[in-house]
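Asks: Below you will find the structure I want to go over with you.
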Amino acid sequence: MNAENQPENSNTPDSENARRDWAPVEMNDQLENDLRQLVRLAISEDLDVAVDWTTVAMIDADRRGACQIVSRAHGIAAGVALVPWIIDEFDADLNVEVLVRESETFSPGTPLVRLSGSARDLLTSERVTLNLLSRLCGIATMTRRYVDLIAGTSARLYDTRKTTPGMRRLEKYAVRCGGGHNHRTGLFDGFLIKDNHLALGRSQQTSDQTTSDAMTSDPTTSKPVVGNRLTAAEAAQRAVAMRGGLMNQLVAPSIVEIEVDGLGQFEQVLYTGIDIILLDNFSLDDLRTAVAARDAAGVSVELEASGNINIDTIATVAATGVDRISSGALTHQATSLDLGMDWTEGFTT
């Protein structure tokens with residue numbers, strides 16, 4: 000695919016922040032492979048080992064036709080450039096013409112894609128194509144709503160790993176089409192230390208304590224806690240050290256991020272050399288305090304707000320001065336956009 004079909008948001012950080020951004024999902028061989036695997040599964044769901052009996056019974060094999068995928072709602076284009084790959088998996092006798100660019104805003108009645116060729120193939124491929132395109136456009140449209148709400152602030156919007164199984168790269172691609180940024184694609188991308196890593200990890204500072212490591216529960220969270228659990232500072236230092244030791248390898252993690260649940264943990268990790276501190280469910284006042292403390296310290300770590308981020312809260316969170324906001328709602332709360340297939344030419348022989 001050429002450059003004009005890439006999302007408008009390149010998600011490519013400037014040189015100053017290059018180490019601090021997770022790799023964006025691009026329109027490349029990996030994305031194509033994910034899409035083709037998903038389409039094969041969808042075709043199997045629809046056709047199994049048989050055929051589209053209704054279409055075969057009603058439509059002559061030599062019938063030709065043309066149709067357009069048309070939006071029934073306002074939205075943002077995502078996945079239109081992928082439609083040729085979808086149709087290709089059907090081994091269909093169809094021509095595909097993409098009528099809008101990725102990331103383009105459209106209104107009800109806008110044609111997004113034109114398809115022409117075998118009438119049987121048009122009917123058989125209709126639902127799978129609409130399902131995938133509707134899903135991706137829905138995510139891009141939801142993302143754009145969030146992005147518009149934080150316009151004028153310094154905050155950037157990021158997705159999460161709360162995606163539909165098998166569709167992660169595709170859904171993250173849709174987030175980019177909507178103007179958002181991609182957080183880590185998977186566990187392989189780098190270090191993101193969360194509360195359960197601290198609860199279950201063993202502190203090297205007390206590693207000789209073997210009999211006192213009984214599992215207990217934190218009375219405030221009911222989460223399991225190991226007696227000599229990691230501190231946030233030690234976990235951050237361990238990840239930074241491991242990253243340094245891996246830098247000469249072909250595949251090496253470049254980002255170190257840690258989740259903290261209060262200002263106490265935040266202060267522990269501020270000077271550890273990590274890239275990002277994730278401020279989990281911080282109040283607005285605590286977010287402002289963390290931003291002020293980071294700025295006063297003169298360290299380059301970025302601050303990411305997460306937890307309870309939605310349409311109603313994101314603007315006030317962005318106004319606290321955080322650098323990043325991540326929200327699983329971009330993918331797990333997005334609804335499919337209403338798209339339909341309208342015939343533009345009658346069948347001909």
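Per numbering that gives the first Met the number 0, the very first residue in the sequence shown carries number 0; after that it's consecutive. Each residue gets a CB set at the ideal place from its N, CA and C atoms; glycine is no exception.
Do Ala231 and Gly200 have their CB atoms nearer than 8 Å?
Replies: Note that the C-beta distance between Ala231 and Gly200 is not below 8 Å.
Asks: Given Thr140, which residues of its chain have a CB within under 7 Å of its CB, disregarding the five upstream and five downstream residues?
Replies: Gly74, Ile75, Gly177 and Leu336
Asks: Report the option in Asn309, Ala65 and Ser70 whose CA atom is closest to the CA atom of Pro107.
Replies: Ser70
Asks: For Ala328, is the classification buried or exposed, using 16 other Cβ atoms within 10 angstroms of its Cβ as the cut-off for buried?
Replies: buried
Asks: Is the Cβ-Cβ distance between Leu278 and Glu256 less than 8 Å?
Replies: no
Asks: Considering just the uninterrupted stretch of the beta strand (DSSP E) at Ser305, what are its terminal residues?
Replies: Start and end: Glu301 to Ser305.
Asks: Determine the burial state of Tyr270: buried for a count of at least 16 other Cβ atoms within 10 Å of its Cβ, exposed for fewer.
Replies: exposed
Asks: Out of Val95, Asp90 and Ala72, which has the shortest C-alpha to C-alpha gap to Leu81?
Replies: Val95
Asks: Is it the case that the stretch 30 to 38 contacts the stretch 152 to 161, given that we only count it when at least three CB pairs across the two stretches are under 8 Å?
Replies: no
Asks: Relative to the C-alpha of Arg143, which candidate in Ala240, Ile68, Ala77 and Arg168 has its C-alpha closest?
Replies: In this structure, Ala77 is the residue among Ala240, Ile68, Ala77 and Arg168 with its C-alpha nearest to the C-alpha of Arg143.
Asks: How would you write the range of the beta strand (DSSP E) that Asn94 sits in, first residue to last?
Replies: Judged by DSSP secondary structure, Asn94 falls within the beta strand (DSSP E) whose first and last residues are Leu93 to Val97.
Asks: Do you know offhand how far Leu30's Cα is from Asp260's?
Replies: The alpha-carbon atoms of Leu30 and Asp260 are separated by roughly 35 Å.
Asks: Label Ala49 either buried or exposed according to how many other C-beta atoms from any shown protein chain fall within 10 Å of its C-beta, with 16 as the threshold for buried.
Replies: Counting the other CB atoms within 10 Å of its CB gives Ala49 a total below 16, which places it among the exposed residues.
Asks: Assuming Asp61 and Leu122 make a contact with CB atoms under 8 Å, what is their CB distance in whole Å?
Replies: Between Asp61 and Leu122 a beta carbon distance of about 14 Å is seen, past the 8 Å cut, so the two are scored as non-contacting.
Asks: Can you check DSSP and say which residues form a bridge with Met340?
Replies: Ile68
Asks: From this set, Asn309, Val146 and Ala314, which residue's C-alpha is nearest Ser102's C-alpha?
Replies: Ser102 has its Cα closest to that of Val146, out of Asn309, Val146 and Ala314.
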